[in-house]
Each structure stands twice: as structure tokens, then as C-alpha cells.
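S.K.: I have a structure here, written as C-alpha cells, and I will follow up with some questions on it.
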């Protein structure tokens, strides 16, 4: 087990992790500027999960939040969520769930479930359920309707996470497919990124269409909630 | 026996159809300074990676023939051991900054820390190497704050400090001004005279002719010709194959056609040109 | 198109005075090379031409447009700018799309765009690589894609930032050919370069900058003759100029033709 | 993002020469005590009686209070606001808006959570201000942290400003090609691909050369690594560390015992 994990941590992986963290932060900031209804701050983490396996993905996630904490201290307590995002992304990739666009939706969904579950105890224990995120508006609403804190936070997570994580998984998939095969082959798990059927341009186009649809859906949901 | 021994080496990167190196035979003696010239895509960088052990250990792919440095067969060694004998510095200075260090001094010590050099020995070695390449004044600067030429000096120093037996350099002066280039060539020459073997890819013909012992011309992954610098760099074969030549050579060649250059040998350097054109 | 610079000063937010009063007129159709050591202010100067930087004091006129009140997007129709590193601008999946990006942004008609793209690709010898992904090309060819993607915008002024860095002899010849072709079409070309021999062979006028000021400005032959002044900004004269000087020529020579002419006398 | 990613300020204080691990344990100890302590006033006391004096002892007061204004106040203030509005607790309504009530209880709760957040960030900031990242990593590596972790952390801190500079160049390059990055919302969305993709792909393509460069300098060498710097770890350091561990244990025990 330990030897197998060690194999995923080649020099390429060690050099990739800082770049992936920078990608998380860069894209995360752009999304904030554009006021999109998603976070997209773990694309790099998922990307590492795909080409270098679950443990490299998990490490990227945990470090990413810790370092992001330097500018935005509020993100610090959430590192376990990022850890599990990377881990589950890597597990999905190893199981072949990053090989064509509809499997990627499934991966995104699984990552979303994980994120919702892991973030719940942190939110409840540290913040009494109300965090600094905009989605707490939904939690507050559910709390007012008489739901318990735990179920209110969890339901909010299940409602909000899939849009973000499916988009994230799709974009990570698009980036990996856009890289030259020669480069992908240098990473520990190039087989995780091999497209199963059809050529990869079609896959990229479909994935981008899915991204647009999901984000548009996010807009609609947000506007409905904002009333 | 030669210090570097490439025997019939043919290499293909993974997922490619044509070999990047084809039947390369090359022998280099200890302490020799060999320059490699050739157009882009000739296989110069691949040859550097082969000598430095990255082909095939890092890049994978198919290799045939034998690569031997200091009597060790590359296929029987591993990359982490290989780099103790062979140092590599390449063109893009920015990508050679480790990123793990805050000052130039720490950056240069990085290789020594990795290879377990004791602390007492480390400081004097770093100081000595920085003096050699004339960057002692940059010791406390951040490597990222330097100009491209200064970063290239840091990259070269970071390798020199590890005292490799073979120094492989892939266009290490591309971003330096003429004065810097001359100085760095001087340093490399000095290393070679001290017994370090040097293989260097370079476009600057005038400096090669001034400093190298031998020139190897590569084209399409094959050795086109090799020999004394003046002999190779003034050859018609280079012009026919789209190699760059020094302005002194091309001008003298034209002058020769018009009867204005009387000597048999064409010049590569300024001094040779002055000598030949003097009435 | 004419470029008129009037007592231009620029101070970076860090307090660094990068340009300390530059006045300059570049006439329509002129070919100008800017030389000087790192940090002399070359890139800072040309980034004012298309409004990427705004002067702290002074003004720049591009034709009749003042860069202070004209947007970068609008200035892009008059000033094309090829950045040093092609990887910082290429993003399309194939060369053809990449080259089309600029003219499309400028709102040219489809026919005009197609024609401009075709011309740019022919000029840069990329016609057989239209379908290729730029990242599958060598760095040398990626540079040509970057060149093509700016030339296709058909701007009356074109700026090149260090076009020859990392290029081999064949590629440098290709770039020289592109510049010659732009000259024939009457475009204004401004090039920043370290490659002094390239500068000598392709440019009539040379401007040497040092520490944010103009050190020398004039006809190339005059500039290269002033070896001591050039040394202040760490520029060596071209190889043949140095050779001519050592041989005791009275005139300053720049290229092979001039050199051989004098030799013949 | 800030230009400088190392918060460290070089000063001659009593905190600076402490062993980096001691300073981490100090920060974590403060954070854990504030989370586990059974009394609501613990965080306030920690802030006033422990953190503020330490800031002065460490001679980093100016830097601490500026970062407090820049980082801590916005984060804590926002949390306070969210909690006060959205926590559905308490009966004594002070202010009402739509379905949201601010009650005396929710205000108190909000104050408590905001203070806790302030303590957490402050402890972390204090640690960053007095510890150089290189020193921290050398020390942790010496204690058995794989050296690759040190590489990843420092390299990330250094790569972020580089990426930002690169992003600036890309924006300049694409605007020069007539890309409109400002006018309307849809133009802004349309400009994402030409701006983001050279940034992302460009930095991923560099990974290969950068891996070669560090590998050439013995990154994967199996020899025992050495360090340029010697980092002091005095017996007073050990004393402080164990003291803090005991404090944390006490607060956990109290929490379990009292609840």
C-alpha cells in the first residue's frame, strides 16, 4: 500500500502540486470577479487527482486551503473538505470515471456528495451552521422553517455542491484532454486520462456544453432563491 | 578509454514516429570542451538529455546502443545516481529556479543539501562557486528578481557547485549580453582546463571558435560532421544544411569569391578576420 | 502612421522612474530598432504606444489619436504588438483559429479576415500548419504563429519585442523577411532587440535607451560608430562594424555589402 | 493577492529566536484552547491577555494591526453580520427584516463566534509574522517531514506572485490583439478563455522542464539530506511546547467534564 502511494509521488507530481494550487487560486479569483454562481476553486486539485492519483490529489487540496488561508483566513478550517475532494477525484479517476464526459458528471456528483458531507460538521461545530459563504442564506431559511442545524446544513450542501463540483470536474477533464499526450505521459497515471470512445475534441466540446448548461442552471437557481 | 562513449545510439521519444537521435557515435576525452551546433530540431537538446541521464530514465521511450560516462553504463544506473556525476543546465533560466529557496545563496546550496553535503563544507563551496561566476553580489537577492542573464548565471552556478565530472550545457548564455557571454565562456574554459569534461550546445559561433576544443554538427538527429572548430564552422556543408554561421565567415566567403580574401582558411572569430583582411 | 511622443515620463507604482522625459517622432513607414541594456525602459516605452501603460506625464499620439483618451481595444486597430513569449498569448486549438482571433476582434468582414489570415500565414510560412495545435509546434514555430496572429490584424504600426531570442538562423531569416515585407507595404515597424547584428542588417534608424532616457537616436551607421557611448548601455557594435574599425576603415560599416564595397576600393 | 507572500518581518525580539515548531505549537495551542474551552469568555481573554502582549513582545505590532485591519476585521465582521442575522436563536428581538430576526441571544452568539475567528486568525498571523518559511521548513525537515513537502510549500508561496505577473502579461498581450476585457458582462465572459487558457496550459507545460531542473540537482537523491541553516532548539523551547500541550489537554478535559 505504502509503496504504491509512493509511486504516485514522482518529481513531476511534486512540481505539479504547486502549479495546481496556483490554478485553484487563480481561477477561484477570476470567478469571484465575474460573479459566477460557482466557486471553481478546486480545478487544480481534481486535475492532480486525475493524473497523479488520490493521495496526491488529497495533499493538493489540503495544502491549497492552508495556503489560500494566507489571504483569506476564512478558508483555513475547510481544509479537510479540500482533502477529500482531491482524494475522491483520484479514486474516481482510478476507477475510470474520467474517461468520457458522462462519467465525469458522475465523478462530479460523487465529489459533491463528499464535499457536502465533510463540510457539515465543520460548519455546524465552528460556525453554528452559518458560515461566511453566500449559501448560508439557504441554511438560514431552512433553519427558520424549523429544521435542525445538521439537516439544514446538509441539505444546503446537497443543493449547492453538485453545480460547482460537476463544473469543476468537467473543466479539469477539459484541461487534461487539452494537454499534449506527450506531457500527460510523464505523470504517474496517464491511463486515467485516456478517452474511452470517440475522439477527444468531441469530448471536450460536449464537456464545455455541459459546463455552460450547469452554470446557467446555477444562475437560474440563484435568481429564484434571491427571489 | 574515452570519458564519454556513445555507441550507435538511436532514441525515440514515447508516442513519436521518427527517432530524435539516429546512430550517434561520439567519444569525448576527460577535460575536453566539445560544442554542439545545429538548427532547431536537430536533436541537440535530446543529446544533452541523453548525456545527463534524462533519456531514457525520465522521458522513457525506446533507446538502443550504449551510453557510457566515466565508465558507467547509463542503462545500468539510475537517474538519482547519474546526476551526481553529470550536471545539466539548459536554456530557459526561469524554469531552472527551484522555487524552494528565497535567496540566490540558498538556491545554489539546494543541490548540496539534496546530496547530503555537510553544512561546514556547504558554505565555502557556495561562496567559491559564486565568486567563479561573479555573482557574489547577488547572494541575498531573490532568484526571481533577477534579469534573464543573471538567472542563467545562477543556474550555471547551481550546477557547478555540485562539482560534476561532466558538465552538459544547452544554450546557457542565450539571454546574456556579449560581455556576459564572453565571461561565462571563460569560466567554462577554466573548468575544462581543471579536468571537467564539457559538452555545450551553442549558437554563438565566434565564442565556440574562441573557446571549444572540438565541434560536433548535428542535423536531423545525426552527426553531420565533427572536428576542429575552425574546420567545422567554416565548412560549406553547414551553409548547405541551413546552419547559422558567424558574419566573419559568411563575409569572408563572399570576399573570397570576389578575390578579396586570399587565405585558404576562412575566419570564424574577429581576430582571424582581422588577420586575413589586413593588407 | 506617425507616432509622436512628447516629453513622456513614467513612474511605476513602486516608485521606479522608468522613463524620464522622452520626446520622439517616428514617421509613417519608418523602421526603427530600440536597443539598450536590461532595465533601460525599452518595453516600458513601447507599451505606451498601444495604451497598455498610461504616461505619468507627457503624451503619445498615434496618428491623430491620443493614447490617453483612446481604449486599448480601439488602439489595437492601429498598433499591433508581438510579445516576447508566444506562450503568453496562444490559446486556440489550431493555428488558423489563433491567427483569426485578432482580425475578428477588430470586427473586419469575413472576406477581409480570410484574406488577411491567408496573407499572414503565407508570409510566416505557416500555410501548411493551419490545422496544427500550436502546442504541438516547436518554440521556433510558435513564435511564427504569434507573429502571424498580429500581422493578420493589418495594423499600420507593428511592434516586435525581442523577436529573435531563442531562434535559429533559418527562423531569424524568416523574421527578417517579414519585416522587409512590412516595410514594402509602408508599415511603421518598431523593434526592441538585443541582437545587434540583426538590428544592423534590418533597420535604418536606431534608438539607444539608457536609464529611461534617449542616449542616441539616428541613422544606424552613425549610432554604431559611437562605440564608447553605446558601451554605457552595454551594447557592443555589430560584428562587421567592429571588424571594419579594427581594419582602420574611415566609414562605419553595418553589413556585408557595405563592408565588401569599402574593401574593394 | 499580495506582492509578497512571506509575511515574515525580521526583528530582534524574544519570539523570533524561538524554534519554529515551538511557534507552531503556540499558535495551534491558542486555537485549540479557544475551540475546546467550555467558557464563552476564553476567546476574549486569550485575545487580550495572550495574543496582544505576544504581538508586542514579538515587536510586530505595526504589522499585526495592519493585517488585522486588512484580513481579520473583514473576515470576523462578515461572520458577525451573518451570525447576527441568520442564527435563529433567542426571543428578545432587537431588529427584524423579512423572516430574519436579530435577537440579543444571536448578537451574543455572533460576538462569540467572531471573537473565536479573530483568535484563530490572530494566532496564525502572529506565527507567520515571526517565522521565516525557510527556517520553518528546514526545522520540520530535520524532524522527519519529507523534504518534498518543504519544496511544495515554499514553491507554492513563490509561484503565486509569478503566476500573477504572468497573468498581467497575458492580459496585456490579448488586449493588444483587440480583446475587449471590460465593457459588457458577456464580453467579460467571452474573454475568459483567451486569458485563462494561456495561463493554465502555459504553467502546466512548464512542469516538465522544472522537474528536470530540480532532478538534475539531486532532488530524488537517496542520500540523507543536509541543511544550510542550523536551527536552534533550546530546552526552553521544549518547556514551552509541553506546557502548551498540557493546557490543551486541560481544556479538552474540562469541556468533557462540564458538558
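Protein chains in written order, with our numbering: chain A, 4 to 230; chain B, 16 to 294; chain C, 249 to 513; chain D, 785 to 1043. Cβ atoms here follow ideal geometry from the backbone N, Cα and C, with glycine treated the same way.
Should residue 785/D go down as buried or exposed, given a rule of 16 or more other Cβ atoms within 10 Å for buried?
M.R.: Per-residue confidence for residue 785/D stands at a pLDDT of 32, beneath the threshold of 50, marking its modelled position as unreliable; the derived number appears in the next sentence. Residue 785/D comes out exposed.
S.K.: For the alpha helix (DSSP H) holding residue 268/C, just list the boundary residues, first then last.
M.R.: Not the alpha helix (DSSP H): residue 268/C falls in the beta strand (DSSP E), residues 265-274.
S.K.: If you measure from the beta carbon of residue 180/A to each beta carbon in chain E, is any gap under 8 Å?
M.R.: Given the protein chain composition of this structure (A, B, C and D), no chain E is represented.
S.K.: I want to see whether chain C comes within less than 8 Å of residue 939/D, judged by CB atoms only; does it?
M.R.: Not one chain C Cβ lies under 8 Å of residue 939/D.
S.K.: In whole angstroms, give me the CA-to-CA distance for residue 86/B and residue 100/B.
M.R.: So the alpha carbons of these two residues sit roughly 11 Å apart.
S.K.: Does residue 139/A get closer than 8 Å to chain C when you measure Cβ to Cβ?
M.R.: For residue 139/A, the answer is no, since every Cβ of chain C falls outside 8 Å of its Cβ.
S.K.: For residue 383/C and chain D, any beta-carbon pair shorter than 8 Å?
M.R.: It does; some Cβ of chain D falls within 8 Å.
S.K.: Under 8 Å between beta-carbons, which chain A residues line up against residue 987/D? List them in chain order, please.
M.R.: Going along chain A in sequence order, the residues near residue 987/D (Cβ under 8 Å) are 22, 25 and 26.
S.K.: DSSP state of residue 189/A, grouped into three classes?
M.R.: If DSSP states are grouped into helix, strand and coil, residue 189/A belongs with coil.
S.K.: Under the rule that 16 or more other beta-carbon atoms within 10 Å means buried, what is residue 500/C, buried or exposed?
M.R.: Flag for residue 500/C reads buried.
S.K.: Measure the alpha-carbon distance for residue 869/D versus residue 154/A and round it to whole angstroms.
M.R.: Roughly 20 Å between the two C-alpha positions.
S.K.: Note the first and the last residue of the continuous alpha helix (DSSP H) segment covering residue 79/B.
M.R.: Where residue 79/B is concerned, there is no enclosing alpha helix (DSSP H), although the beta strand (DSSP E) it sits in stretches over 77-84.
S.K.: Under the assumption that residue 16/A contacts residue 193/A (Cβ atoms under 8 Å), give the Cβ distance between them as a whole number of angstroms.
M.R.: With a Cβ gap of about 12 Å, residue 16/A and residue 193/A do not count as contacting.
S.K.: Count the other CB atoms within 10 Å of the CB of residue 887/D; is the residue buried (16 or more) or exposed (fewer)?
M.R.: Result: buried.
S.K.: If we count the other Cβ atoms within 10 Å of its Cβ and call it buried at 16 or more, is residue 335/C buried or exposed?
M.R.: So residue 335/C ends up on the buried side.
S.K.: So that I know if they touch, is there some Cβ in chain C lying closer than 8 Å to that of residue 33/B?
M.R.: False, the Cβ-Cβ gap to chain C never drops below 8 Å.
S.K.: Do residue 247/B and residue 254/B have their C-beta atoms closer together than 8 Å?
M.R.: Cβ distance not < 8 Å, so residue 247/B and residue 254/B don't count as in contact.
S.K.: Please compile the residues from chain D whose C-beta is within a distance smaller than 9 Å of the C-beta of residue 12/A.
M.R.: Neighbours of residue 12/A on chain D, chain order: 930 and 932.
S.K.: Taking only beta-carbon positions, decide if residue 1009/D is within less than 8 Å of chain B.
M.R.: Chain B, which has a Cβ nearer than 8 Å to the Cβ of residue 1009/D, makes this yes.
S.K.: Pull up the DSSP beta-bridge partners for residue 467/C, would you.
M.R.: Residue 467/C is bridged to 453/C.
S.K.: Specify the secondary structure class of residue 25/B as computed by DSSP and reduced to three states.
M.R.: It is a strand residue.
S.K.: Using the three-state DSSP reduction, which class does residue 270/B fall into: helix, strand or coil?
M.R.: Correct three-state label for residue 270/B: helix.
S.K.: Cβ of residue 188/B within 8 Å of Cβ of residue 154/B?
M.R.: For residue 188/B and residue 154/B, no; Cβs fall outside 8 Å.
S.K.: For residue 254/C, which option in 483/C, 443/C, 409/C and 274/C has the closest C-alpha, if you only look at C-alpha atoms?
M.R.: For the residues 483/C, 443/C, 409/C and 274/C, the minimum Cα distance to residue 254/C belongs to 274/C.
S.K.: Is the separation between the beta-carbon of residue 303/C and that of residue 256/C shorter than 8 Å?
M.R.: Yes, Cβ-Cβ distance for residue 303/C and residue 256/C is below 8 Å.
S.K.: Quick check on the burial criterion: 16 or more other C-beta atoms within 10 angstroms. Buried or exposed for residue 416/C?
M.R.: So residue 416/C ends up on the buried side.
S.K.: What residue from 422/C, 468/C, 413/C and 493/C has the CA that sits closest to residue 163/B's CA?
M.R.: With distances taken between Cα atoms, residue 163/B lies closest to 413/C.
S.K.: Quick check on residue 348/C: does DSSP put it in helix, strand or coil?
M.R.: Helix, per DSSP.
S.K.: Does residue 235/B come within less than 8 Å of chain D when only Cβ atoms are used?
M.R.: No, no contact with chain D.
S.K.: Rounded to the nearest angstrom, how far is the Cβ of residue 50/A from that of residue 178/A, given a contact under 8 Å?
M.R.: Rounded, the Cβ-Cβ distance is 6 Å, consistent with contact.
S.K.: Buried or exposed for residue 4/A, please, with buried defined as at least 16 other CB atoms from any protein chain shown within 10 angstroms of its CB.
M.R.: Residue 4/A should be labelled exposed.
S.K.: Does the beta carbon of residue 259/B come closer than 8 Å to any beta carbon on chain C?
M.R.: Yes, residue 259/B counts as interfacial toward chain C.
S.K.: Using DSSP with H/G/I as helix, E/B as strand and the rest coil, what is residue 785/D?
M.R.: Caution is warranted here: a pLDDT of 32 is assigned to residue 785/D, below 50, making its placement in the model unreliable, and the coordinate value is therefore given only provisionally. Reduced to three states, the DSSP call for residue 785/D is coil.
S.K.: Could you tell me which of 68/B, 88/B, 283/B and 204/B sits nearest to residue 219/B, measuring between CA atoms?
M.R.: Among 68/B, 88/B, 283/B and 204/B, the Cα nearest to that of residue 219/B is on 283/B.
S.K.: So what does DSSP say about residue 935/D, is it helix, strand or coil?
M.R.: Looking at residue 935/D - three-state DSSP - the assignment turns out to be helix.
S.K.: Identify the contact partners of residue 419/C in chain B, using a Cβ-Cβ distance below 8 Å as the criterion.
M.R.: Those are 55, listed as they occur along chain B.
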